[in-house]
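There are 2 protein chains.
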Amino acid sequence: MDATHRALCEYGYANLTMRRISDELGKSKSLLHYHYDGKEELLVSFLEHLLDEFDRTVSTEGHGSGEETLRFTVEALLSDADCHTDFDTAMLEMGMQAPYNDDFRDQFRTNDARLKDLLSHIVADGVERGEFEEIDPERAAEHLLILLDGARGRSVVLGTDAPNDVGRAAIRDFIGRITVGGDGE
Amino acid sequence: MDATHRALCEYGYANLTMRRISDELGKSKSLLHYHYDGKEELLVSFLEHLLDEFDRTVSTEGHGSGEETLRFTVEALLSDADCHTDFDTAMLEMGMQAPYNDDFRDQFRTNDARLKDLLSHIVADGVERGEFEEIDPERAAEHLLILLDGARGRSVVLGTDAPNDVGRAAIRDFIGRITVGGDGE
Numbered sequence: 051m052d053a054t055h056r057a058l059c060e061y062g063y064a065n066l067t068m069r070r071i072s073d074e075l076g077k078s079k080s081l082l083h084y085h086y087d088g089k090e091e092l093l094v095s096f097l098e099h100l101l102d103e104f105d106r107t108v109s110t111e112g113h114g115s116g117e118e119t120l121r122f123t124v125e126a127l128l129s130d131a132d133c134h135t136d137f138d139t140a141m142l143e144m145g146m147q148a149p150y151n152d153d154f155r156d157q158f159r160t161n162d163a164r165l166k167d168l169l170s171h172i173v174a175d176g177v178e179r180g181e182f183e184e185i186d187p188e189r190a191a192e193h194l195l196i197l198l199d200g201a202r203g204r205s206v207v208l209g210t211d212a213p214n215d216v217g218r219a220a221i222r223d224f225i226g227r228i229t230v231g232g233d234g235e
Numbered sequence: 051m052d053a054t055h056r057a058l059c060e061y062g063y064a065n066l067t068m069r070r071i072s073d074e075l076g077k078s079k080s081l082l083h084y085h086y087d088g089k090e091e092l093l094v095s096f097l098e099h100l101l102d103e104f105d106r107t108v109s110t111e112g113h114g115s116g117e118e119t120l121r122f123t124v125e126a127l128l129s130d131a132d133c134h135t136d137f138d139t140a141m142l143e144m145g146m147q148a149p150y151n152d153d154f155r156d157q158f159r160t161n162d163a164r165l166k167d168l169l170s171h172i173v174a175d176g177v178e179r180g181e182f183e184e185i186d187p188e189r190a191a192e193h194l195l196i197l198l199d200g201a202r203g204r205s206v207v208l209g210t211d212a213p214n215d216v217g218r219a220a221i222r223d224f225i226g227r228i229t230v231g232g233d234g235e
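Quick note, the sequences are listed as chains A and B, same order.
Every position in the first sequence, counted from 1, becomes a number in this note's numbering once 50 is added.
Every position in the second sequence, counted from 1, becomes a number in this note's numbering once 50 is added.
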């Protein structure tokens, strides 16, 4: 999965091949084919892997305020240490296959549903503790997911220098707005 | 341009050809080639045309409150009467070419800058008239653009049945939040 990540960063989705992934892995292509029928099956597993990794990252987080937990979680979704923009581009190219590939679409939906569930829970807990305003947790989660996807898409299409900074500002702004006594700007 | 729109809806970006556009137009392919070097040059003109069309739509709008004007403008950006999802998919596929095609990128940036400018002005006017809270108009405009792009992208990747409804709800929510005495949910 790490080799797939590196290969995606380097070659993007369109130019990714089983050969290139196995080269990154330092193993034979036949070994890869033993486990996966092809690039698409491997990439569906890769999407699952990303979700697992994300689950691990956020589950190690201590229990701060709702605002802190939300910020930490969103940050975990935004940051990609090594090859930021190229990886976002590759992920978006993969997403563009979803209308033509049911396995991709299903996995993207699964990942999205899990994220929505996690964010909804954080918001619901915060509302219960009086940290967030009386908002609909699902709608707040959806708002955050739309902002995350929008920020990523815009950084790819418009190619801004600091891809996620504007997106981060919008997300920070939104979290501030829903926080009781928070700073809306 | 109308023929290009129809052909994009029908064939998407990848399968669009000069032949298919000229068939939609009911003219010869050579006439099209007389005006445009190829599909990409034609599509850059098409993006310009979309911006002009949008300018015309919003300039006919009467001068309601800031909130009304903002809602009308966003609605004009969201709705595409004929071939909603397919057109959004084609536009996103075109956007995905931007990292590899400077002409596309420049035109996407031009369109985005114009929209940002328009939305900023609407917000700034509303702030001045005391209709909107004391927010940074540029940041509010950026927030709306991120939501618009995020909603479109998600409808393509996740293939929701009512593509823009969730996006509309998030945008309505945001406009409500920045409106003095508005309804944040």
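Cβ coordinates follow ideal geometry from the N, Cα and C atoms, glycine included.
In DSSP terms, what residue i is bridged to
i, result
"T229(A)", "F182(A)"
heavy atom of the ligand GTP below 6 Å from residue i C-beta
i, result
"T210(A)", "Ligands are entirely absent from the displayed structure, and the ligand GTP is therefore not among its contents."
Residue span of the alpha helix (DSSP H) that contains residue i, given as start and end
i, result
"P187(B)", "187-208"
"A57(B)", "52-61"
"L97(A)", "89-109"
"L66(A)", "No alpha helix (DSSP H) contains L66(A), which DSSP labels as neither H nor E."
"Y84(B)", "79-85"
"G116(A)", "116-128"
Beta-carbon proximity list for residue i, same chain, < 8 Å, skipping 5 on both sides
i, result
"L195(A)", "D162, L165, K166, L169"
"S78(B)", "S72"
"E192(A)", "K166"
"E6(B)", "Given that chain B is displayed from residue 51 to residue 235, the structure contains no residue 6(B) and the question cannot be resolved."
"G203(B)", "L142"
"L82(B)", "M68, I71, S72, L75, L92"
Same chain only: Cβ atoms within 6 Å of residue i, ignoring 5 sequence neighbours per side
i, result
"L75(A)", "A53"
"G1(B)", "Nothing in the structure corresponds to residue 1(B), since chain B is present only between 51 and 235."
"F104(B)", "none"
"Q147(A)", "F154"
"G217(A)", "A201"
"T107(A)", "A126"
"P187(A)", "S170, V173, A174"
"V124(A)", "I221"
"Y86(B)", "L92"
"R179(B)", "none"
"G232(B)", "G226"
"H55(B)", "none"
Assumed close pair residue i, residue j - CB separation to whole angstroms, cut-off 8 Å
i, j, result
"L93(A)", "M144(A)", "6 Å"
"S205(B)", "D138(B)", "6 Å"
"L198(A)", "L128(A)", "7 Å"
"A219(B)", "R189(A)", "7 Å"
Close-in-space but distant-in-sequence residues of the same chain around residue i (CB under 7 Å, 5 per side omitted)
i, result
"L66(B)", "A57, L58, K89"
"R121(B)", "I225"
"D215(B)", "none"
"R69(A)", "K79"
"M51(B)", "F96, H99"
"N151(A)", "E90"
"Y61(B)", "R70"
"V230(B)", "G180, E181, F182, E183"
Can you list, in chain order, the residues of the region 190-201 of chain A whose Cβ is nearer than 8 Å to any Cβ on chain B?
E192, H193, L195, I196, L197, L198, D199, G200, A201
Note down, in chain order, all residues in the region 141-169 of chain B with a beta-carbon under 8 Å from any beta-carbon belonging to chain A.
L142, E143, G145, M146, A148, P149, R155, F158, R159, D162
Output needed in chain order: residues of the region 205-232 of chain B with a Cβ under 8 Å from some Cβ in chain A.
V206, V207, L208, G209, V216, G217, A219, A220, D223, F224, R227
Using a Cβ-Cβ cutoff of 8 Å, what residues of the region 113-124 of chain A are near chain B? List them in chain order.
none
Using a Cβ cut-off of 7 Å, which residues of the region 169-183 of chain A contact any Cβ in chain B, in chain order?
none
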